[in-house]
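Notes for the one structure printed next.
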Amino acid sequence: MSEHTLINEHPDFAKAQVIVAGVDVGAVSSKSVILLDGQPCAVSQVKTRMPEESASRAINEALAKTNFKLENIHYIVGTGCGRTQVPFAHRTITEIPCDAAGAVHIWGPSVRTVLDIGGQSCRVIHCTGKGRATAFLWNDKCAAGIGRSMEVFANLVKKEVTEMGNIALQSDKFPKLSDFCSVYAQSEFFDLIRSKASKEQAIAAYHYAMAKRIATLAARSGVKQDFVIIGGLARNPGITDWVEKILEVRRLAPKPEWDPALITALGAALFADTFYRRQQSDVSKKPEESQCA
Amino acid sequence: MAYDITTWKDFKNYQSACYRNYVNDSEGLRCMGSTWSPLAPLKGLGDDILMIGGEPHAASTAGTFPEEAREDISASEVAGIGFHSCSYLKLFVGEVVRDRIGITDGTIKQGYPKPNLIWTTHLCNLHAKWYQEVSRRLGGIPMYAIDMIGGGNAEKDPKIVKYVCDQMEQGIQWLERITGRDFSDELFIKATRNEIKVLVLWGNICALNRHSPAPLDERRLIALFPPAMVDRTTDECVRLYEALLKEVRYMVETGQSVAPNQRYRIVYFGLAHTYGHPEMARILRDAGAEIVASVYTFGTAGNFKGIVNGSWTFDPIDPAWVDELDLSTRRKAITELAKIVLGWPTWQGVRSYWALESMAQAMIKEYKADGLLLAPSRSCETDFRNGYVGMQRIFKSKIPTIEYDSDQVDVRKMDLPGAQRKTELFVHLMEAHKKEVYDK
Amino acid sequence: MNIGKILAGIDAGHVATKAVIMRGRELLGYCTVPTGFDVVDAAQAALNSALKNTGISGNELGRIVATGIFKEIIKVPSLNVTKTVPEYVADATGAFFLNKNSRTVIDIGGNIHKAVSYDQDGTLLDVIQNDKCADGLGIFYTNMANALGLSEEEMSELALKSTKNLSIAIQCSLSAESDAIDLMCQGADIADVAGAVSRFIVERVADMCTYMPLTKDIVVIGGLAKSRAIVNHLPDLTKKEVSVLKLPEYVGAIGAAISDGGEK
Amino acid sequence: MMNNGSETIIERFRSITENTHEYAKSLQGKGKMLAGYMCTHVPEEILYAAGIIPVRVLSSHVSQAMTRSYIHETYCSFSHDCAYQGLQHNYDYLDLIVTSSSCIHMAEAFNVWVRFAGFQHKSYLMSFPHIIHSKPASGFMKESFEEFRQFIEKFSKKTITDDDIERAIKVYNHTRRLLQQLWEFLRRDNSPITGPEVATVTLASQLMDKEEYNQMLEQLIQRLENNPGKAPSGVRLMVTGGACDDLRIFDLVENLNYRASLIFIDSCTAARYFWFEVPEDRSDKLEAIAEGYISRIPCPSKDTVPGTGEKKRFRFIQQFIQDFKPDGIVFLCQRFCSPQSMDIVALKPILDKLGIPWTELELDTTVPVTLFGTQLEAFVETITGVAP
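Protein chains in written order, with the numbering used here: chain A, 1 to 293; chain B, 294 to 733; chain C, 734 to 997; chain D, 998 to 1385.
Below, the structure written as structure tokens:
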């Protein structure tokens, strides 16, 4: 991943006014983003095991790329399904506002719809140009775990996820698998092998099915432009291309310097930044301001 | 040597003509609603009634345009219909959402022809809600749904018959109000007699499958019952089925069948899941196994004696009985119509497992079945899903029985790999069972 | 049967391809390889490595019998598979061969699970197979082990240490997975999550079994039979003693191998 | 903490909802006959008139696969769970099990009890119209109630006089009025009782002997009236959807990271159960009961006005929105409950017009605390509009 390209090589945290971090403990991977006065200075991404331990691993890995320590960070916001298990977080915000904030920060105020395809959940967020989430749609139970199911599938066909994604693009004529549920799709995939379909076809078929399921959710909540795709699966061209084709909507081009899986963590960091500054000004004004949104 | 039904083209044409008229006819009263409704009342409004049903239309669309069907279903999911809702409904609503309609003659028309009214029924949790949704999407089409309460021995329960009659009576007044037309009892009574006649005739045709070899197989039954579903109120429809009955009788006399190779006779409980069934049928046919009785094709457009002193029978009703029926007044006609419609086997099973079991027992016995094939339809709210799981439990020890997941028209919910595995196993079990029987 | 004859059985399953080499009743060699996409290669590889340990060369092989979901695909000249048998027949034959007292075999595989009952001669009586929602239990098990960062063995051992009965949704492996993740995010103990995962699988299998009378002795085979957690839970729900056959994942292949040559 | 015993009464109610079997058996100990019912369309008054205590069969929230080979996969978890309890013989103490032909899912749970759990000879299935807003329907209901009455008379070996029924009607109406009073508290911005507590008390009403219940509820309401009330409600959430007897979910709403309150629940385990009255002092008691049950908030599976196809339930919901002023609506829909999801489709545009945001939670046996918590918090965040 190109996650180092964005990092300012010599972060001078001593001079920094505001050091904040966002930690996104997802079902499959945990990510963290550290901001120095609003500038990204270190990011990390680790596999999620047990949430609490993964959160620590994530932040430590990011800190390892800096010359400062956890206690130097002024404010940390935890997000993701494991957010309540982040012991060092000052506050938690759910994925939804973080997705919106992060996406708008990176792609600019024209973003109206964010599609986040993670390991466990898949969600569509509508937002304002200021990065405020106005509405969202969470995947229904049958569409859960698409991200992870892609990994499982990759193991079954003994391929790398991204490599697989590229193979998926090599065929546009293929039998349709059940785009209703990944368990069904998986069983029907085995049936493709049995009917001696080509590897390219079978892989394309599976990707199409998953993309179709995701696209149905997105379309259900209505896709307003500009449209962006984030989350781990945004790295899989086999998925993103089909989602765009099915929705008949082009997404804004991905930013090479930003791994789409980190956007939620970035959003959390942006929240941390705001909360810390607000806290400072509140302290200077009246103390004991409640932290209620 | 497999026999070819000579009249089958006429059936196809009749069905297509009905849909074509609904889609293309410029004047005339467009009526939408479940064909599981008493249709004759609509005919009381005049001889320019154009009808489009729910299930048969959805089913035949799925049969004619598999890809369209997929798109329709996904369109209604995008439109917000629940992922687990009835797939007939989804396909039907999907066409409305996409504002296009495909019919059995292979044509697809842009611009969904708006109905003037919806005349339908309610029985499962969803049936009327399906049309509520269509009505809403088309800007509020007036709709009247008749509660077909159902339940085991409905047509012989005076309380239920009265209830349905009263609803029909009110419904007729509603029809007059909503269309501003006068209701002609003469037309209504004529249509009623036809409707009852067709249902009885189909029952007689099905009953001939008790013979060995069974003259018809499930595939032909599915191909031959649409006219009775689409519009069974016309003289032409009666003629069709009288001719068919004659032909099938001849087949029996000469010992012919559309599928002569019948080593195993199968009783089938499940909908005509348009996608999966042909695949299964192929496996079965290769093994010389044929579905000779099916509650869906028999019971959706056919009437039988039903519950006679406590247990079910698929004995046919003598067609002559229909001609002697006293339909001299509106109420009398309504009553006979209510009884016949309530008497449909497919409805008796809804909400009354014992009737469903009794039916299965009767079919297995009367049609000398070697195996029981259960295919619960994943998204169906009626007995086509719920009864069967328990039935496998009950019949497994008595007769080779398998159950596989299917769906009315939603390819994605059909368990094709599993169904194939299980069908192969089914044949294996039936063979083993036969051996056992011979040993004893 | 001909004692000298060297038989081979290949069980080309959804997830793993198993091969065995036998002389008469004696198991000479066996090997498993992941099936992946190239089913034939997998079968070939499994067979070769199975042979390797035996010192027997391919052309000494009598006949090769295939079973498993891909049995038809591996009927290629290069492999000269001479016969195929249905999975449930192979299971019954193998289980009965390895344990003459057994009357029911429960096979928990990678993608599907089934139960087969047979009489004192090993003649097939009844078979029940899982429904679509219960597909992929084996795959799910492996998947969850990875998710928890454990080997399947470790997860099984942890599951046995579980003290709390946490419940996860039972509909399918998908909903089970989301619930397991949810438990982790609530800070549940990893052992209890592992316990919930294996209990889920046992629930599904045991439920399927209620369709037919489980006649004793009951043996468990298939990849998941290697999980002690699962095998230990099974009697709680089936209310019947079960035992695991040695090398449970090979029973199908063994059944195939010996189902050749006259007797069923 | 200032409570004048209201907390203790609520605790008592809660413990009854948590120990339904113990409570029911204690009633039996007092020589009462018990009839379980699986659908709220069963006219409890008729049972009560015969001196039989109707207790609602509720789920046990046990995640199990056992019922998958009795009821189809794609049936709601509530019906699976109720069927499971039959198969586990948790309810063997019931003298009778009754249901009305309504929701097919629950009917199937009933069938499992009758076919496989040994209730063949102590069960009654009452046919109940599936379209309730029509004249013929009320006539049919009356006849069907009459048959039920005769069955109960045979069953309980005592004749049920009109006076018996009138008495039962009055007791039940009293319960309904009290419950409405209780729910009225939730209209306030600083209600002395929380939504989850109200849900608990309401659920208890479906399990208890109404006379005992009424006394307890009267006490509670008295005490609440003198209560100063709790903190401001914050974000006010209204729940609409299917049967949900899992109080953990309602507690979840009030244990978010943010101040949010549950201020209304339209479901057959909550408002839909009691939000109506049976006309009193009518000459024809059964007709009165029919009229009462027709005037309820309809169950989505029965809600079609003949002639227009209108959904009456939507009128109620809009009324409740006016009265209780929610900031957001949570669709709490049983997974696989098609009628509910069909209603949601039609309800969303109405809410959008009213400018009320909504979100959906998919109910299953287990409560995914994190997932629901996340969705609810995210919902509150979108309502309050947090942004960096």
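The beta carbon of each residue, even a glycine, is placed where N, CA and C say it ideally should be.
- Query: Where do the N-terminal and C-terminal ends of the alpha helix (DSSP H) with A/H90 fall, by residue?
  - Reply: It is not in any alpha helix (DSSP H) - A/H90 carries neither H nor E in the DSSP assignment.
- Amino acids of chain A, ordered along the chain, whose beta-carbon sits closer than 9 angstroms to that of D/D1078: Those do not exist, as D/D1078 stays about 17 angstroms from chain A at its closest Cβ, beyond 9 angstroms.
- Query: How would you call A/F275, buried or exposed, if buried means at least 16 neighbouring beta carbons within 10 angstroms?
  - Reply: Classified as buried, A/F275 has 16 or more neighbouring CB atoms from the shown chains inside 10 Å of its CB.
- Task: Going by CA-CA distance only, name the one from A/I76, A/K15, A/Q17, A/A215 that's closest to B/E370.
- Result: The shortest Cα separation from B/E370 among A/I76, A/K15, A/Q17, A/A215 belongs to A/A215.
- Query: Is B/R714 close to chain A, meaning its C-beta is less than 8 angstroms from at least one C-beta of that chain?
  - Reply: Output row for B/R714: interface = no.
- Task: For B/T590, name the three-state secondary structure that DSSP assigns.
- Result: Here B/T590 sits in helix by DSSP.
- Message: Below 8 angstroms on the Cβ atoms is my contact criterion, and I expect A/S178 with A/A209 to pass it. Report the Cβ-Cβ distance as a whole number of Å.
- Response: Contact between A/S178 and A/A209 holds, with the beta-carbon distance rounding to 6 angstroms and staying under 8 angstroms.
- Selection from B/V491, B/C530, B/C379, B/Y543 that minimises the alpha carbon distance to B/L501: With distances taken between Cα atoms, B/L501 lies closest to B/Y543.
- Task: Would you mind telling me which residues of chain F sit closer than 7 angstroms to C/D940, beta carbon to beta carbon, in chain order?
- Result: The chain inventory of the structure shown lacks chain F, comprising the protein chains A, B, C and D.
- Query: Quick one: Cα of B/D708 to Cα of A/R213, how far?
  - Reply: In a straight line, the C-alpha of B/D708 is about 18 angstroms away from that of A/R213.
- Message: Nearest by alpha-carbon distance to D/Y1270: which of D/D1206, D/F1152, D/C1296, D/E1070 is it?
- Response: Closest by alpha carbon: D/C1296.
- Query: Is B/K302 buried or exposed, if buried means 16 or more other CB atoms sit within 10 Å of its CB?
  - Reply: Counting Cβ neighbours within 10 Å, B/K302 comes out exposed, since fewer than 16 surround it.
- Message: Here's the rule: buried if 16 or more other CB atoms are within 10 angstroms of the residue's CB, otherwise exposed. What is B/M441?
- Response: Buried is the call here.
- Item | Of the residues B/K661, B/A668, B/L431, the one placed nearest B/L564, counting alpha carbons only | Cα-wise, what sits closest to B/L564 is B/A668.
- Message: Within 8 angstroms of any Cβ in chain B, is that where the Cβ of A/H4 sits?
- Response: The predicted model places A/H4 with a pLDDT of 43, which falls under 50 and marks its position as unreliable; any figure quoted below should be read in that light. Taking Cβ atoms only, chain B never reaches closer than 8 angstroms to A/H4, which makes this a no.
- Could you give the distance in angstroms between the alpha-carbon of D/D1300 and the alpha-carbon of D/I1341? The straight-line gap from Cα to Cα measures roughly 13 angstroms.
- Just the Cα atoms here: how many angstroms apart are C/A939 and B/E348? For the pair C/A939 and B/E348, the Cα-to-Cα distance works out to about 37 angstroms.
- Keeping to the same chain, check which residues put their C-beta closer than 8 angstroms to that of D/F1148; ignore five residues upstream and five downstream. Counting only residues of its own chain and dropping the five nearest sequence neighbours on each side, D/F1148 has a CB closer than 8 angstroms to the CB of Y1121.
- Task: Could you name the residues that DSSP lists as bridge partners for C/Y851?
- Result: According to DSSP, C/Y851 bridges with C/L857.
- Task: Go ahead and label B/M344 buried or exposed: buried means 16 or more other beta carbons lie within 10 angstroms of its beta carbon, across all protein chains shown.
- Result: By the neighbour-count rule (16 or more Cβ atoms within 10 Å), B/M344 is buried.
- Query: To which residues of the same chain is D/S1003 closer than 8 angstroms at the C-beta, ignoring the five residues directly before and after it?
  - Reply: Counting only Cβ-Cβ distances below 8 angstroms, and skipping sequence neighbours, we find P1189, I1190, L1217, R1220, L1221, N1224.
- Message: Considering just the uninterrupted stretch of the beta strand (DSSP E) at D/R1053, what are its terminal residues?
- Response: First-last of the beta strand (DSSP E) with D/R1053: 1049 to 1053.
- May I ask you to report which of helix, strand or coil DSSP gives D/L1175? Assigned with DSSP and collapsed to three states, D/L1175 falls in helix.
- Task: Return no unless some Cβ of chain B is closer than 8 angstroms to the Cβ of C/K997.
- Result: Bear in mind that a pLDDT of 36 at C/K997, under 50, signals an unreliable position, so the model cannot answer this.
- Query: In chain C, what lies closer than 7 angstroms to B/D698 by C-beta?
  - Reply: Against chain C, a Cβ distance below 7 angstroms from B/D698 picks out D864, K865.
- Query: Three-state secondary structure (DSSP) at D/C1079?
  - Reply: For D/C1079, the three-state secondary structure derived from DSSP is helix.
- With A/A104 and A/L115 assumed to form a contact (beta carbons below 8 angstroms), what rounded beta-carbon distance in angstroms separates them? The sequence shown places Val at residue 104 of chain A, rather than the Ala named in the question. Contact flag wrong, Cβ pair sits at about 14 angstroms.
- Kindly say whether A/A234, judged by its beta-carbon, lies nearer than 8 angstroms to any beta-carbon of chain C. For A/A234, the closest Cβ of chain C is not nearer than 8 angstroms.
- Where C/K997 and B/R578 are concerned, what is the direct C-alpha to C-alpha distance, given to the nearest angstrom? Legend: pLDDT at C/K997 = 36, less than 50; position of this residue unreliable, value from coordinates given subsequently. Whole-angstrom Cα-Cα distance: 26 angstroms.
- Message: Can you tell me which residues form a DSSP beta bridge with B/G395?
- Response: Answer is B/I401.
- Message: Give me, in chain order, the residues of the same chain whose beta-carbon lies closer than 6 angstroms to that of B/I600; leave out the 5 immediate sequence neighbours on both sides.
- Response: Residues N446 of the same chain have their beta carbon placed closer than 6 angstroms to that of B/I600, with the five preceding and five following residues left out of the count.
- So what does DSSP say about C/F873, is it helix, strand or coil? In the structure shown, C/F873 adopts helical secondary structure according to DSSP, grouped into three states.
- Message: Relative to the C-alpha of C/G882, which candidate in A/V46, A/R235, A/M150 has its C-alpha closest?
- Response: Nearest of A/V46, A/R235, A/M150 to C/G882, Cα basis: A/V46.
- Task: Examine the ligand SAH and report whether any of its heavy atoms sits within less than 7 angstroms of the Cβ of B/G599.
- Result: The ligand SAH is not among the ligands present in this structure, which contains no ligands whatsoever.
- Task: Flag this pair as touching only if the region 650 to 670 of chain B and the region 712 to 724 of chain B have three or more C-beta atom pairs under 8 angstroms; answer yes or no.
- Result: Segments in contact, yes.
- Anything in chain C within Cβ reach of D/D1361, meaning under 8 angstroms, just list it in chain order. The answer, in chain order, is A902, Q904, S908.
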